[in-house]
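What follows is a short report on a single structure.
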Amino acid sequence: MLLQQAIAYISRKRTRNLVLFLILLLILSCLYFCFSLMQVGERLEDHIKQSAGTSFALTSKQGDRPFALKEAEKVQQLAGVGAMVPQYESPVRILGKEAVTGQQLVERNDLGQEAKQALGAVFTQKTDQHLDFRSSSFQLVQGKHLSDKARGQILIHEELAKKNKLKVGDSLTLSSFQMGETPGKEQTFKIVGIFSGKKQEKFTGMTSDLSENQVYLPYEDATKLLGLSQQEVTQVTFGVKDPEKIDALLKQVKSLDLDWQSLRVVEDRKAFDQMKESSQTLEGLVRIMMIVLLVTGAGALSFLLSLWTRERIHEIGVLLSIGKSKGRIFRQFLLEVVLVSLLAVIPAFLIGRMVSHRFLEQFVGQTGQQQTLELLNQIPQGLSLGIAYASLLCLILLSLGVTTSMIWRKSPKEILTKMS
Numbered sequence: 001m002l003l004q005q006a007i008a009y010i011s012r013k014r015t016r017n018l019v020l021f022l023i024l025l026l027i028l029s030c031l032y033f034c035f036s037l038m039q040v041g042e043r044l045e046d047h048i049k050q051s052a053g054t055s056f057a058l059t060s061k062q063g064d065r066p067f068a069l070k071e072a073e074k075v076q077q078l079a080g081v082g083a084m085v086p087q088y089e090s091p092v093r094i095l096g097k098e099a100v101t102g103q104q105l106v107e108r109n110d111l112g113q114e115a116k117q118a119l120g121a122v123f124t125q126k127t128d129q130h131l132d133f134r135s136s137s138f139q140l141v142q143g144k145h146l147s148d149k150a151r152g153q154i155l156i157h158e159e160l161a162k163k164n165k166l167k168v169g170d171s172l173t174l175s176s177f178q179m180g181e182t183p184g185k186e187q188t189f190k191i192v193g194i195f196s197g198k199k200q201e202k203f204t205g206m207t208s209d210l211s212e213n214q215v216y217l218p219y220e221d222a223t224k225l226l227g228l229s230q231q232e233v234t235q236v237t238f239g240v241k242d243p244e245k246i247d248a249l250l251k252q253v254k255s256l257d258l259d260w261q262s263l264r265v266v267e268d269r270k271a272f273d274q275m276k277e278s279s280q281t282l283e284g285l286v287r288i289m290m291i292v293l294l295v296t297g298a299g300a301l302s303f304l305l306s307l308w309t310r311e312r313i314h315e316i317g318v319l320l321s322i323g324k325s326k327g328r329i330f331r332q333f334l335l336e337v338v339l340v341s342l343l344a345v346i347p348a349f350l351i352g353r354m355v356s357h358r359f360l361e362q363f364v365g366q367t368g369q370q371q372t373l374e375l376l377n378q379i380p381q382g383l384s385l386g387i388a389y390a391s392l393l394c395l396i397l398l399s400l401g402v403t404t405s406m407i408w409r410k411s412p413k414e415i416l417t418k419m420s
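Each step along the sequence shown adds one to the number in full-length UniProt numbering, with nothing skipped, and position 94 is 94.
Put into C-alpha cells, the structure is as follows:
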C-alpha cells in the first residue's frame with residue numbers, strides 16, 4: 001500500500017520529481033567521484049612505494065671511467081636494497097650501415113672516418129626500468145624492451161632505423177670501437193625494439209653523442225663485444241624497496257668500505273617525489289571537495305524538500321484527518337525520495353566514472369598517468385558506488401527530517417487550520 005502510493009505520487013508529479021532526480025543524480029555522481037578518488041589515493045601510496053622507480057646509482061667521479069662490478073656487490077647485501085642493474089657505456093662501431101649525422105657543438109680535426117660510424121652503446125638489463133625510459137626522454141614505439149635474460153638483442157632509435165631502412169626483426173652488426181680503419185671484434189644483434197625521443201646530449205665530436213645514435217644492448221654481451229678482461233661497469237643502479245627510507249639507506253651505503261675517492265652515489269627519486277606530491281594533493285582536494293559537496297548538497301536538497309513538503313500541506317492534512325500517523329506519512333515521503341534516487345544510480349555511476357578518468361588525466365599529467373588510471377580500473381567499483389549511495393541515503397534522511405520537523409512540531413488541528 002505504501003509503495004503503491006509512493007509510485008502513484010512519482011508518476012503524477014513528473015516535473016517536480018524530475019527536478020529532484022537531477023539534484024540527486026548530481027549529488028550521487030559527485031559522491032561516487034570523491035569516493036573513487038579516495039580509493040585511488042589509498043592504493044596510490046602503496047603503488048608509489050612499489051613501482052615509482054626510486055633508485056640510486058653507484059658511478060665513477062671521472063665521467064664514464066669503468067670500475068669493478070664486485071665493488072657494487074657490497075651494496076646489494078644491504079637490507080632495503082632492491083634489484084641491481086649493471087651498466088657499461090661505450091662507443092661502438094656500426095658496420096654495413098650508416099650512423100645518423102647532425103650538427104655538433106664540438107668540431108675536431110683529429111678524428112677520422114671511424115668517428116662518423118660511432119654509436120653510443122649502453123649495455124644494461126631491463127631497459128624498461130632505465131632512467132632514459134622512465135623519465136620519458138625515450139619512448140618505446142615498436143617491439144619490446146630488453147629483459148635481464150636477453151642475449152644478442154638490441155634497441156635502436158627510430159631515426160637510425162629510418163636512415164638504414166631497418167625494422168624489428170632485422171639484424172645489425174657492430175664492432176668494438178677502435179681508432180683506425182680496421183674494426184675490432186664483431187657481433188650481430190637482432191633488433192627487438194625501436195624507440196623515439198631525445199635526451200640531454202654531451203658533445204665530443206663523434207656521432208655517438210647524438211640521441212639518434214643511442215643503442216641499448218644486454219650487459220652480458222659487453223664482455224664479448226668489447227673484450228673486457230673482467231666484469232666492469234660504468235654505473236650500477238640499485239632499486240629501493242621502501243622509497244621513504246632512502247635517506248637512511250644512503251647513509252649505510254656511504255659507510256661501506258668502498259673506493260669513495262673515485263666513486264660517488266647519485267639519487268633518482270624524481271618519479272617518487274612527483275607521484276607522492278600528486279597523491280598528497282589529490283587527497284587534500286578530495287577532502288575539500290567532499291566537505292563542499294556535503295554542505296552544498298545538504299543545503300540544496302533541504303531547500304528543495306522544504307518547498308516540496310510545504311506544497312503538500314493539504315495532502316498531509318487529509319492523511320492526518322483520516323487517521324494516518326506522522327510516522328507513516330514520513331515513511332511515505334522517504335520512500336518516494338528513495339525510489340527517485342534509485343533511478344539515479346546507474347547514470348551516476350557512468351557520469352562519475354567518466355569524470356574520474358578525465359580528472360585524473362588532467363591532474364596527474366604524463367608522469368604516472370598510466371599507473372594511476374590502471375589503479376582506477378582496479379578498485380572495486382561496487383564498493384565506491386555502495387558507499388556513495390549509503391551516504392546519499394543518510395543525506396536524504398537528514399534533509400527530509402529537518403524539513404518536515406517544522407510540520408511535525410504542529411498538532412493535527414494546527415495543520416488542518418493552516419490547510420484551510
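Virtual Cβ for every residue (Gly too), placed ideally from N, Cα, C.
In this text the structure is predicted, and so the values were computed from the model without any measurement.
Since residue i sits in a beta bridge, which residues does DSSP pair it with?
i           : result
residue 344 : Its beta-bridge partners do not exist; DSSP assigns none.
residue 239 : 55
residue 311 : Answer is none; residue 311 lacks a bridge partner.
residue 405 : Per DSSP, none; premise fails for residue 405.
residue 433 : Residue 433 lies beyond the stretch modelled for the chain, which goes from 1 to 420, so this question has no answer here.
residue 232 : 68
residue 123 : 88, 217
residue 139 : 196
residue 157 : 195
residue 60  : 263
Quick check on residue i: does DSSP put it in helix, strand or coil?
i           : result
residue 190 : strand
residue 168 : coil
residue 32  : helix
residue 357 : helix
residue 73  : helix
residue 94  : strand
residue 151 : coil
residue 84  : strand
residue 298 : helix
residue 399 : helix
residue 117 : helix
residue 196 : strand
residue 5   : helix
residue 263 : strand
residue 99  : coil
residue 39  : helix
residue 323 : coil
residue 20  : helix
residue 208 : helix
residue 174 : strand
residue 306 : helix
residue 11  : helix
residue 255 : coil
residue 249 : helix
residue 162 : helix
Please classify residue i as buried or exposed, where buried requires at least 16 neighbouring CB atoms within 10 angstroms.
i           : result
residue 368 : Confidence in residue 368 is poor, its pLDDT being 48 and thus under 50, which makes the residue's placement unreliable; the coordinate value appears in the next sentence. The residue is buried, with at least 16 neighbouring Cβ atoms inside 10 Å.
residue 212 : buried
residue 259 : exposed
residue 209 : buried
residue 39  : buried
residue 20  : buried
residue 145 : buried
residue 336 : buried
residue 132 : buried
residue 117 : buried
residue 314 : exposed
residue 353 : buried
residue 297 : buried
residue 403 : buried
residue 261 : exposed
residue 218 : buried
Could you check the C-alpha separation between residue i and residue j for me, to the nearest Å?
i           : j           : result
residue 399 : residue 303 : 9 Å
residue 248 : residue 88  : 28 Å
residue 242 : residue 124 : 23 Å
residue 134 : residue 255 : 29 Å
residue 5   : residue 334 : 12 Å
residue 36  : residue 356 : 7 Å
residue 110 : residue 76  : In this prediction, residue 110 has a pLDDT of 49, which is less than 50 and means its spatial position is unreliable; nothing more can be read from the coordinates.
residue 316 : residue 12  : 17 Å
residue 283 : residue 33  : 13 Å
residue 206 : residue 253 : 36 Å
residue 130 : residue 159 : 20 Å
residue 186 : residue 61  : 30 Å
residue 395 : residue 250 : 51 Å
(message) Pairs of beta-carbons, one from the segment 15 to 35 and one from the segment 386 to 400, closer than 8 Å: are there three or more?
(response) yes
(message) Below 8 Å, how does it come out for the segment 151 to 159 and the segment 184 to 195: are there three or more Cβ pairs, yes or no?
(response) yes
(request) Kindly confirm or deny that the segment 261 to 268 and the segment 78 to 98 touch, where touching means at least three C-beta pairs closer than 8 Å. (result) no
(request) Would you check if the segment 229 to 238 and the segment 63 to 70 touch, i.e. whether three or more CB-CB distances between them fall below 8 Å? (result) With contact defined as three or more Cβ pairs closer than 8 Å, the segment 63 to 70 and the segment 229 to 238 are in contact.
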